[in-house]
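*Asks:* Numbering (full-length UniProt numbering), first residue to last: 1 to 385. The structure's right below; bear with me while I get my questions together.
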Amino acid sequence: MEVQWALVCHGLVTLLVLVSFFCGQWPIFQGTFVEKLHYFLTFGAYDYFLRFVGWVCGDRGTNVVLSVEYYCCYRPNPILQVTYLAILGATFYFIVDSSFAYIPNYYLGEIHKYISILAVGVGLVLFVLTSFSDPGTVKAENVSQYISAYPYDNIIYLEKECPTCKIPKPARSKHCNICDRCVARFDHHCGWMNNCIGERNTRHFLLCVYGAVAISLILASRLKEMKVVHFLTAYYGVENSFIGLAPHVSQWLLTFYNMQILLMVFLGVVSLLMAAFFGYHTKLSLSNTTTNETFKWQDYLSLQRKINEAKASTAALKASISELSAESRPPPNKWRSFFRRSPLEDAEKVVKKNIYDKGILHNLCEVVFPPSTRPSFLPAKTKSS
Ligand SMILES: [Zn+2]
Ligand SMILES: [Zn+2]
Numbered sequence: 001m002e003v004q005w006a007l008v009c010h011g012l013v014t015l016l017v018l019v020s021f022f023c024g025q026w027p028i029f030q031g032t033f034v035e036k037l038h039y040f041l042t043f044g045a046y047d048y049f050l051r052f053v054g055w056v057c058g059d060r061g062t063n064v065v066l067s068v069e070y071y072c073c074y075r076p077n078p079i080l081q082v083t084y085l086a087i088l089g090a091t092f093y094f095i096v097d098s099s100f101a102y103i104p105n106y107y108l109g110e111i112h113k114y115i116s117i118l119a120v121g122v123g124l125v126l127f128v129l130t131s132f133s134d135p136g137t138v139k140a141e142n143v144s145q146y147i148s149a150y151p152y153d154n155i156i157y158l159e160k161e162c163p164t165c166k167i168p169k170p171a172r173s174k175h176c177n178i179c180d181r182c183v184a185r186f187d188h189h190c191g192w193m194n195n196c197i198g199e200r201n202t203r204h205f206l207l208c209v210y211g212a213v214a215i216s217l218i219l220a221s222r223l224k225e226m227k228v229v230h231f232l233t234a235y236y237g238v239e240n241s242f243i244g245l246a247p248h249v250s251q252w253l254l255t256f257y258n259m260q261i262l263l264m265v266f267l268g269v270v271s272l273l274m275a276a277f278f279g280y281h282t283k284l285s286l287s288n289t290t291t292n293e294t295f296k297w298q299d300y301l302s303l304q305r306k307i308n309e310a311k312a313s314t315a316a317l318k319a320s321i322s323e324l325s326a327e328s329r330p331p332p333n334k335w336r337s338f339f340r341r342s343p344l345e346d347a348e349k350v351v352k353k354n355i356y357d358k359g360i361l362h363n364l365c366e367v368v369f370p371p372s373t374r375p376s377f378l379p380a381k382t383k384s385s
């Protein structure tokens with residue numbers, strides 16, 4: 001029985017570590033143990049490690065660690081790409097090793113073996129496409145094409161030059177410090193793909209994330225059914241109810257299928273995270289916004305709100321000064337001031353005016369067929385040739 005409990009604890013700890021690492025900074029975990037664990041896993045542990053190295057090896061040791069950190073976090077490198085492939089490969093290997101022997105069975109036909117191989121293959125192709133395709137690098141030769149494809153909204157994008165590339169900066173583009181280039185319709189730099197996600201590879205990226213969700217679901221379902229309920233009720237005479245079956249089923253599964261249980265917990269968590277990530281990027285695509293722009297809009301809206309609140313407060317202050325200076329007025333009623341609206345409520349509402357959002361269908365079309373690749377935006381020379 002101890003072995004089963006050890007496995008349950010192992011599963012729970014894996015779940016806790018994965019959730020803390022990936023989602024610990026979410027508002028729902030604020031002030032909880034999960035947030036503290038997230039901080040420890042992302043910053044705290046590294047900080048202790050750095051101090052330990054400094055204590056043991058001195059400044060030289062610390063400098064080596066810092067230059068490794070610089071390479072890993074601030075330069076293009078294939079570390080996460082290799083990690084992704086290793087996780088995918090190892091998970092699939094363990095599934096084939098532990099569960100393919102049970103296929104075909106009562107619920108799953110032989111074909112499911114081939115579907116899972118195909119899913120992993122398609123996932124790999126999309127991963128390679130996203131990793132090695134051009135995200136839409138802006139250069140002196142093609143900058144005019146991007147400027148005509150993406151007009152300035154004069155709200156979050158004003159006409160200016162990239163100080164590093166010394167070329168005009170088209171609207172919606174951003175200079176990626178890791179890749180050291182300007183990228184059109186910049187979304188974010190993806191460490192897993194070792195590439196920027198921009199105008200020309202958002203479509204592959206979306207499909208790749210969708211592929212990852214599908215693969216994890218397919219692999220998880222591969223492990224789903226081992227006919228245990230059928231065995232227990234038919235051969236062991238256990239009462240066919242949830243309460244009657246639950247302890248026996250969990251004991252059975254943990255004894256004979258512990259590898260499958262661990263894989264299922266891992267894939268379940270990964271599926272949930274990937275589904276959330278896919279949902280987020282689908283929402284962005286449907287409203288024709290990028291991850292980079294959501295931060296820009298947040299900054300813009302909070303600044304505008306503060307300006308409007310300051311204006312409203314000034315107006316309220318002026319009004320109360322003129323009220324005080326009017327001598328003929330009766331003494332102010334204390335209840336009136338109690339129920340008076342706060343000047344902040346009179347502040348003008350700030351709205352987000354995203355000029356690039358032209359309706360769901362049009363927005364999706366832009367992701368699949370990037371505007372700068374359309375004939376109408378190609379330079380005249382290319383058109384005539
Ligand atoms: Zn640049
Ligand atoms: Zn980049």
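We put the beta carbon where it would ideally sit given N, CA and C, even for glycine. Note that the coordinates shown come from a computational prediction; the quantities given were computed from them, not determined experimentally.
Taking the straight line between their C-alpha atoms, what separation do you get for A101 and C165?
*Replies:* 57 Å
*Asks:* What is the DSSP secondary structure of I147, reduced to helix, strand or coil?
*Replies:* helix
*Asks:* Would you identify the three-state DSSP class for C9, choosing helix, strand or coil?
*Replies:* helix
*Asks:* Would Q260 pass as a contact of S116 if the rule is Cβ separation under 7 Å?
*Replies:* No, they are not a contact pair.
*Asks:* I'd like to know if the stretch 21 to 33 and the stretch 279 to 294 are in contact, where contact means that at least 3 CB-CB pairs between them fall below 8 Å.
*Replies:* no
*Asks:* Please tell me whether, using a cut-off of 6 Å, the distance from the CB of H175 to the nearest non-hydrogen atom of ligand 1 is below it.
*Replies:* yes
*Asks:* Under a three-way DSSP split, which group does P161 fall into?
*Replies:* A quick correction: the sequence has Glu, not Pro, at residue 161. Strand at E161.
*Asks:* Is the beta carbon of E199 closer than 7 Å to that of P76?
*Replies:* In this structure, P76 lies away from E199, with their beta-carbon atoms at least 7 Å apart.
*Asks:* Is any heavy atom of ligand 1 found at a distance shorter than 6 Å from the C-beta of residue 388?
*Replies:* With the chain covering only 1 through 385, there is no way to say anything about residue 388.
*Asks:* Counting pairs of beta carbons, one from the stretch 310 to 330 and one from the stretch 174 to 182, are three or more of them closer than 8 Å?
*Replies:* no
*Asks:* How far does the beta strand (DSSP E) with E176 in it extend, from its first residue to its last?
*Replies:* First, the amino acid is wrong: residue 176 is Cys here, not Glu. C176 -> beta strand (DSSP E) spans 174 to 176.
*Asks:* Output the distance between the C-alpha atoms of I215 and F40, rounded to the nearest integer angstrom.
*Replies:* 31 Å
*Asks:* With DSSP collapsed to three states, give me the class of K383.
*Replies:* Since pLDDT at K383 reaches only 41, below the 50 mark, its modelled position is unreliable, and the value read off the structure follows with that caveat. Of the three classes helix, strand and coil, the one that applies to K383 here is helix, per DSSP.
*Asks:* I need the straight-line Cα distance from V368 to V125, nearest angstrom please.
*Replies:* 17 Å
*Asks:* Buried or exposed for T290, going by 16 or more other Cβ atoms inside 10 Å?
*Replies:* By the neighbour-count rule (16 or more Cβ atoms within 10 Å), T290 is buried.
*Asks:* At the level of alpha carbons, what is the spacing between E159 and Y152?
*Replies:* 7 Å
*Asks:* Between which two residues does the beta strand (DSSP E) carrying R181 extend?
*Replies:* 181 to 183
*Asks:* What did DSSP end up calling G166 once you bin it into helix, strand or coil?
*Replies:* The sequence given here has Lys at residue 166, not Gly. Three-state result, K166: coil.
*Asks:* Answer yes or no: do V53 and T62 have a C-beta to C-beta separation smaller than 7 Å?
*Replies:* yes
*Asks:* With which residues is C190 paired in a DSSP beta bridge?
*Replies:* N195
*Asks:* Are the CB atoms of V350 and L303 within a distance shorter than 7 Å?
*Replies:* no
*Asks:* Please go through the same chain and pick out, in chain order, the residues whose beta-carbon is closer than 8 Å to the beta-carbon of H204, but skip the five residues on each side of it.
*Replies:* L126, L129, T130, S133
*Asks:* Between which residues of its own chain and F92 is the CB-CB distance below 6 Å, once the five residues before and five after are set aside?
*Replies:* V120
*Asks:* Alpha carbon to alpha carbon, how far is E293 from P247?
*Replies:* 50 Å
*Asks:* Name the two residues that bound the continuous alpha helix (DSSP H) containing Q81.
*Replies:* 79 to 99
*Asks:* I want to check one thing, is the minimum distance from the CB of H189 to the heavy atoms of ligand 2 below 6 Å?
*Replies:* yes
*Asks:* Here's a check: name, in chain order, each residue in its chain whose Cβ is nearer than 8 Å to the Cβ of L88, leaving out the five neighbours to either side.
*Replies:* V120, G123, L124, I215
*Asks:* Nearer than 6 Å: is that true of the beta carbon of I178 relative to any heavy atom of ligand 2?
*Replies:* Correct: I178 has its Cβ closer than 6 Å to ligand 2.
*Asks:* Assign T294 to one of three DSSP states: helix, strand, or coil.
*Replies:* helix
*Asks:* Would you tell me roughly how many angstroms separate the C-alpha atoms of V65 and L286, rounded to the nearest one?
*Replies:* Each residue's alpha carbon lies about 42 Å from the other.
*Asks:* Helix, strand or coil for V138 per DSSP?
*Replies:* strand
*Asks:* Please report the distance separating the alpha-carbon of N363 from that of G44.
*Replies:* 41 Å
*Asks:* Between the C-alpha atoms of G11 and I218, what's the straight-line distance to the nearest angstrom?
*Replies:* Cα to Cα, the separation comes out at about 20 Å.
*Asks:* If we count the other Cβ atoms within 10 Å of its Cβ and call it buried at 16 or more, is residue 401 buried or exposed?
*Replies:* An answer regarding residue 401 cannot be provided, because it is not within the stretch 1 to 385 covered by the chain.
*Asks:* Does the Cβ of T255 have 16 or more other Cβ atoms within 10 Å, making it buried, or fewer, making it exposed?
*Replies:* exposed
*Asks:* With distances taken between CB atoms, is the gap from A275 to V213 smaller than 7 Å?
*Replies:* yes
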